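**Q** Here's a structure for you.
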Amino acid sequence: MIAGIPAETAPGERRVALTPDAVKALVKDGISVVVQAGAGAAAGFADADYTAAGARVSSGATEALAADLVLKVAPPSEAEIAALREGAAYIGFLRPLDAPAVARRLAERRSTAFALELVPRITRAQSMDALSSQANLAGYRAVLLAALSLPRIFPMLVTAAGTIQPARVFVIGAGVAGLQAIATARRLGAIVEAYDTRAVVAEQVQSLGARFVTLAVDAGDAQDAGGYAKAQTEEFYQRQRAELGKALAKSDVVITTALVPGQRAPLLVDEAAVRGMKTGSVIVDLASENGGNCACTSASGPTTAHGVQILPGANLASDIPANASQMYAKNLVTFVKHLAPKGELVLDLDDEITRGSMLTHAGQVTNDRVKALLQSA
């Protein structure tokens, strides 16, 4: 089997699907790897590194996209889908619930496509969970962006010129990105508070040295079977926004992380809340790609509203391309080894990981939720 690694073409995408070390792991299993020239350059991996790892470097994308198995980071463009060999396998982020039309086109190409967003959250699949590995880096990067933009420092300083009080950071959402944001802000010396509709995460928040904030709003059973926060009613969000506004008024930095796949991101910070924040405060909105958790967020770039800086946080993992690629490649290699234990693709549809992550096969969209979205459209 030949695995192809084309260069990423999405604007701002600096990651690469496989690092040279990951190539070695696949080559050792008898899988041939072809890498497009320059595919790893933005992440700091030279073509010579891939050659030394046992890959063949091709001058353009054609050969990599025509491989038996294509591995990418960002969803494929229309041109990339057209260049896939009919019936080939494909693995990568595909945003199936947000952009289901990509699934239709992959099905038309008779591709056996696997969306990493659909990998089930079970113990056996933890090492394949690319969403979590990249969210970890996004949470870290969000705090650094906030620290660079805030007109004050994070830690307390006691100096001959007086005492500087620590910055106050408020994190909304205690998933993977939120927990990493909490840990990073604490390491930088900030006072950190966090809120999540799922009361069960309070212990994790407190274990990182932050205070878990409880609002006078009943979220009921707010966690789904996969461990993600459930979407709530608009009435709930209205009451939640009013309560959150009081907490945000005391904060120097707010980091929002609430996303519901296939839906607009819940609006958690309305304009009234932004107006109530201190001048110079910073909001980093990790949900900006799906409409944003803040009413003043612009997906096109940083904005300032009522003296508050609002920074969009789409694809922050790509800002740290070397480590992001390293982690993503490890997820991919584990996933490929699961699908091709002896170097050739074996589709065991009785396996929960294979069945759960498959998006298209034999000319059909196989995921029920994505099929429903396409039919309703």
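Here my numbering is used: the first residue of the sequence shown is -14, the next is one more, and so on.
Even glycine gets a Cβ: it sits at the ideal position worked out from N, Cα and C.
Given the structure is predicted, the values throughout are model-derived calculations rather than measurements.
#1: Between K263 and D114, what straight-line distance do the alpha-carbon atoms span, to the nearest angstrom?
#2: Report, in whole angstroms, the separation of the C-beta atoms of V269 and I305, which I expect to be a contact under 8 Å.
#3: Any contact of the region 56 to 65 with the region 30 to 38, i.e. 3+ C-beta pairs under 8 Å?
#4: Give me, in chain order, the residues of the same chain whose beta-carbon lies closer than 7 Å to that of A187; leave out the 5 immediate sequence neighbours on both sides.
#5: According to the neighbour-count rule (16 or more other Cβ atoms, all chains shown, within 10 Å of its Cβ), is D181 buried or exposed?
#6: What number of angstroms, rounded off, separates the C-alpha of V185 from the C-alpha of Q21?
#7: Quick one: measure Cβ to Cβ for A146 and L271, integer angstroms, because I've assumed they're closer than 8 Å.
#8: Which residue wins for smallest C-alpha separation from V254, given the options T242, Q248, G265?
#9: Taking the beta carbon of K235 as the centre, do at least 16 other beta carbons fall within 10 Å, making it buried, or is it exposed?
#10: Return the first residue and the last residue of the beta strand (DSSP E) that F155 is part of.
#11: Rounded to whole angstroms, what's the CA-CA distance from A170 to I176? Just pull it up for me.
#12: Classify R41 as buried or exposed, calling it buried when 16 or more other Cβ atoms lie within 10 Å of its own Cβ.
#13: I think G(-11) touches V19, with their Cβ atoms under 8 Å apart; what is that distance to the nearest whole Å?
#14: Is it the case that the Cβ atoms of A74 and T47 are separated by a distance below 7 Å?
#15: Would you call the CB atoms of R(-1) and S303 closer than 7 Å?
#16: Assuming V259 and A290 are in contact, meaning their beta carbons sit under 8 Å apart, how far apart are those beta carbons, in whole angstroms?
#17: Drop a sphere of 10 angstroms on the beta-carbon of D237, count the other beta-carbons inside from all chains shown, and report buried for 16 or more, exposed for fewer.
#18: Smallest Cα separation from P136: which of G348, G292, E274, Y125?
#19: Starting from the C-beta of G23, find all residues in its chain whose C-beta is less than 8 Å away, skip the five residues before and the five after it, and write them out in chain order.
#20: Which residues in the same chain as A392 place their Cβ atom closer than 8 Å to its Cβ, once the five residues preceding and following it in sequence are excluded?
#21: So who's on the other strand from M343, going by DSSP bridges?
#22: Please determine, among I66, P(-4), Q248, the residue with the shortest C-alpha to C-alpha distance to G277.
#23: Mind checking P(-4): buried by the 16 CB within 10 Å criterion, or exposed?
#24: By DSSP's criteria, S43 is part of a beta bridge. Which residues make up the other side?
#25: For I338, write down the residues that DSSP places opposite it in a beta bridge.
#26: Counting only the same chain and skipping the five closest in sequence on each side, list residues whose C-beta sits under 6 Å from that of I76.
#27: Between the C-alpha atoms of R70 and E329, what's the straight-line distance to the nearest angstrom?
#28: If you measure between the beta carbons of A193 and A168, is that distance less than 7 Å?
#29: In terms of residue numbering, what span does the alpha helix (DSSP H) encompassing I66 cover?
#30: Around the C-beta of S62, are 16 or more other C-beta atoms found within 10 angstroms, so that it is buried, or is it exposed?
#31: Ordered along the chain, which non-local residues of its own chain (more than five positions away) have a Cβ less than 8 Å from that of L359?
#32: Counting C-beta neighbours from all protein chains within 10 Å, is the total for R109 16 or more, i.e. buried, or is it exposed?
**A** Quick answer:
#1: 38 Å
#2: Wrong, their Cβ atoms sit about 15 Å apart, outside the cutoff.
#3: no
#4: F197
#5: buried
#6: 45 Å
#7: Incorrect: roughly 36 Å between the Cβ atoms, too far for contact.
#8: T242
#9: exposed
#10: 153 to 157
#11: 8 Å
#12: exposed
#13: 5 Å
#14: no
#15: Taking 7 Å as the Cβ cut-off, R(-1) and S303 qualify as a contacting pair.
#16: 5 Å
#17: buried
#18: G292
#19: A(-8), D32
#20: The displayed coordinates of the chain run from -14 to 362. Any statement about residue 392 would go beyond what the structure contains.
#21: F99
#22: Q248
#23: exposed
#24: Q21
#25: None, per the DSSP bridge assignment.
#26: L56, F99
#27: 17 Å
#28: Per the sequence shown, residue 193 should be read as Leu rather than Ala. Cβ distance < 7 Å, so L193 and A168 count as in contact.
#29: 63 to 68
#30: exposed
#31: Closer than 8 Å at the Cβ level, and outside the excluded window around L359, lie P85, A86, A88, R89, V350.
#32: exposed
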